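Residue numbers (UniProt numbering): 1 to 502.
Notes for the one structure printed next.
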């Protein structure tokens, strides 16, 4: 809403615009402050009478009076009995004639500059628009009404017993005990509660490891392709990131740099290719870390979901030199909004990592930690994992069958039997063509995502990262049918282009 009035008798017309955010008297205060600070309302200018302004804006007079009184209290206006309200004399700098730019008043730190560069574009389109009929974005949660009901019950029970004081920054003992029991049974990791640090998710785990282990210029080895959230953290810390080659069996140990402070690996389900690191390469990784006194960060991001064969034990279970930092998260197993994960940390790093966590946030939410501990202890977590694995298997089968039926000539599926996504390499298609395919599919209501953002160097051929957790099996099949049609419409992958319709 805009209001125009004479600032002084015979003077220029001044426009005051309300921003529509919050109470009207607050909007009015902000609008007048902006006009005064930018010089559009000069010192001595008379404001409209409260009655006329209230009538113009269709507000109550009390609302206008409240705004005027607040502006007087803050020194922006002076009131003259029987005359009205006037702009107070305020010393303004040379920039008063223009709107103050949204820039920091002092130079940014080196970390802030690196963080902005590393995360450029990360906050736009983090989740695809809801107008997409079929969104194959990786990381979308599996819809489970039963889980939502169970979680509400656990939170309600935990709230009745919650300690209102700050929690232990390392995490509630009850939750750390349950994590240790779960890891021993499901991932072969033997740990004590004192070895566990509860964090707000994988991203915070990487950030804490970077702060504790790295100084600017240190080398970090990443699989290429890799989880880009880790890359962003290490670049912001000022590390030199080395990309290490990945083949059908995962990270190639010979590609590890001679000098690096740490390496991040996904041995149980390489992200995003899905490769499973064999035992010989796992042992080579551990040898590399031990001989160079480097650290291995094992990201076991979706180790709960494997659909063929027995899951391999975590790399951490083979660690005899205490060089592996094991990271797990409940974001994939439960839901991303929970923001809880954990680190199993070497003894030498326990105190510095807990100290860094305490400095950062004083500890994760005690209420949600208590609810999660109860959920695991009562068997609800294991029941959910079994149901989720069944549901994901159906979606995965629908995607593989759909790709074979509708896009067999254009795609090659990377061999993988775990996780919540499929990697499909594109045949006879350039990287530019793959971007064209993504744009064309989006115009048809299909959300596709290339592997390029997860690579330091362009992969030898383009590929798609196809998440299936967020769709029903029927919708996954329909999405694959639409993918095949999009490929044909563009004539990609050896498929003849469809004639334009009608």
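Yeah, the Cβ is synthetic: ideal placement off N, Cα and C, and Gly gets one too.
Quantities reported herein were computed from a predicted structural model and do not represent experimental measurements.
- The C-beta of residue 300 has 16 or more other C-beta atoms within 10 Å across all chains shown, which makes the residue buried.
- When the beta-carbon positions are compared, residue 243 and residue 224 come within less than 7 Å of each other.
- The C-alpha of residue 167 lies about 10 Å from the C-alpha of residue 173.
- Measuring C-alpha to C-alpha distances from residue 182 to each of 269, 322 and 314 identifies 314 as the nearest.
- In this structure, the beta-carbon distance from residue 75 to residue 88 falls below 7 Å.
- Between residue 274 and residue 33, the alpha-carbon positions lie close to 56 Å from each other.
- Membership of residue 180 in the alpha helix (DSSP H) is indicated by the continuous run 173-186.
- Per DSSP, the unbroken beta strand (DSSP E) holding residue 220 starts and ends at 219-224.
- Between residue 83 and residue 20, the alpha-carbon positions lie close to 30 Å from each other.
- For residue 86, the enclosing beta strand (DSSP E) begins and ends at 84-87.
- When DSSP states are grouped into helix, strand and coil, residue 17 belongs to the strand group.
- In the DSSP assignment, the residues bridged to residue 46 are 86.
- In the structure shown, the three-state DSSP call for residue 195 is helix.
- By DSSP's assignment, residue 424 forms a beta bridge with 413 and 464.
- Residue environment: residue 204 is assigned as buried (16 or more neighbouring CB atoms within 10 Å of its CB, all protein chains considered).
- With fewer than 16 other Cβ atoms inside 10 Å of its own Cβ, residue 107 counts as exposed.
- Note on the segment 25-84: whole beta strand (DSSP E) runs with a minimum of 3 residues are 77-80, in chain order.
- In the three-state scheme derived from DSSP, where H, G and I count as helix and E and B as strand, residue 298 is classed as strand.
- Within the segment 294-364, the complete alpha helix (DSSP H) segments of 4 residues or longer fall at 350-361, listed in chain order.
- Taking the C-beta atoms as reference points, residue 332 is found no nearer than 7 Å to residue 189.
- Contact between residue 237 and residue 210 is confirmed by a C-beta separation of about 4 Å, below the 8 Å threshold.
- Per DSSP, residue 153 is not a residue of any beta strand (DSSP E); the alpha helix (DSSP H) it occupies stretches across 145-161.
- Residue 401 has its alpha-carbon roughly 26 Å from the corresponding atom of residue 384.
- Straight across, the Cα-Cα distance linking residue 138 with residue 191 is about 31 Å.
- Residue 390 sits exposed, since fewer than 16 C-beta atoms from the chains shown fall within 10 Å of its C-beta.
- Taking the Cβ atoms as the reference, residue 449 lies roughly 17 Å from residue 396, outside the contact range of under 8 Å.
- For residue 244, DSSP records a beta bridge to 223.
- Taking the C-beta atoms as reference points, residue 298 is found nearer than 7 Å to residue 265.
- Residue 57 holds the alpha-carbon nearest to the alpha-carbon of residue 24 among 57, 477 and 48.
- Taking C-beta separations shorter than 8 Å and ignoring five residues to either side along the sequence, the partners of residue 29 in its chain run 67, 70 and 71, following chain order.
- Going by DSSP, residue 263 is part of the beta strand (DSSP E) stretching over 262-265.
- For the set 278, 134, 221 and 328, the Cα lying nearest the Cα of residue 201 is the one of 328.
- In the DSSP annotation of this structure, the continuous segment of the alpha helix (DSSP H) that includes residue 486 starts and ends at 473-490.
- Residue 465 counts as buried, since no fewer than 16 other beta carbons sit within 10 angstroms of its beta carbon.
- A Cβ-Cβ distance of about 6 Å is found for the pair residue 362 and residue 169, placing them in contact under the 8 Å criterion.
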